[in-house]
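Since the structure comes first, as structure tokens, the remarks are kept for the end.
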Amino acid sequence: MRHRIAAVSAAALVAIAGSIGIAEAQPASLYAPSAVVLAVAQGENAATVVRATTVSCAPTAQGTHPDPRGACAALTAAGSLDALLAAPDTNRACPMHYDPVTVTADGVWKGSRIAWKHTFSNSCAMSATLNGNAAFAF
114 MRHRIAAVSA
124 AALVAIAGSI
134 GIAEAQPASL
144 YAPSAVVLAV
154 AQGENAATVV
164 RATTVSCAPT
174 AQGTHPDPRG
184 ACAALTAAGS
194 LDALLAAPDT
204 NRACPMHYDP
214 VTVTADGVWK
224 GSRIAWKHTF
234 SNSCAMSATL
244 NGNAAFAF
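Count the sequence shown with our numbering and you get residues 114 to 251, in order.
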């Protein structure tokens, strides 16, 4: 008799759990989220945004960026956002005037929150340092 009561109780719990929506936690996607807002701003504190765009890289490249595939490829290849600064054009001469330009990347990259910023002395230095990198080519 005790086994019957236990079996009926277990069956009732399963039915109740199913009816109130208790389910196993399952990931919404097989891909870690990667959605980033890229911006270029005038000044050191990035208060005056000149232009901005969005890029989402998982599962497919999309967003308002003019070349989301290229931007996603550049961000993925770089590994870290600081690595975007690693290949400056050494043949380009820029004036030595100070008119700061700040680039930022805020959002989620491969499932982790990011908030990155780098300030260049002027737009020429930014262009030479980023050297045509697709991430900030907008």
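The beta-carbon is built from N, C-alpha and C at its ideal position, and this holds for glycine as well.
If you ignore the 5 residues before and after residue 210, its C-beta comes within less than 7 Å of the C-beta of 235, all in its own chain and listed in chain order. For residue 164, the secondary structure class from DSSP, reduced to helix, strand or coil, is strand. Per DSSP, reduced to three states, the secondary structure at residue 189 is helical. In terms of Cβ geometry, residue 149 and residue 220 form a close pair [threshold 7 Å].
The beta carbon of residue 242 is closer than 7 Å to those of 198, 201, 233 in its chain, skipping five residues each way along the sequence. Following the DSSP letters along the chain, one finds residue 151 in no alpha helix (DSSP H) but inside the beta strand (DSSP E) bounded by residues 148 to 155.
In the structure shown, residue 180 falls within a coil segment according to DSSP collapsed to helix, strand and coil.
In the same chain as residue 162, and ignoring 5 residues on each side of it, the C-beta atoms closer than 7 Å to its own belong to 152, 154, in chain order. Between residue 172 and the set 203, 222, 160, 196, the nearest pair of CA atoms involves 222. Contact between residue 217 and residue 156 is ruled out by a C-beta separation of about 12 Å, above the 8 Å threshold.
DSSP places residue 225 in the uninterrupted beta strand (DSSP E) bounded by 225 to 233.
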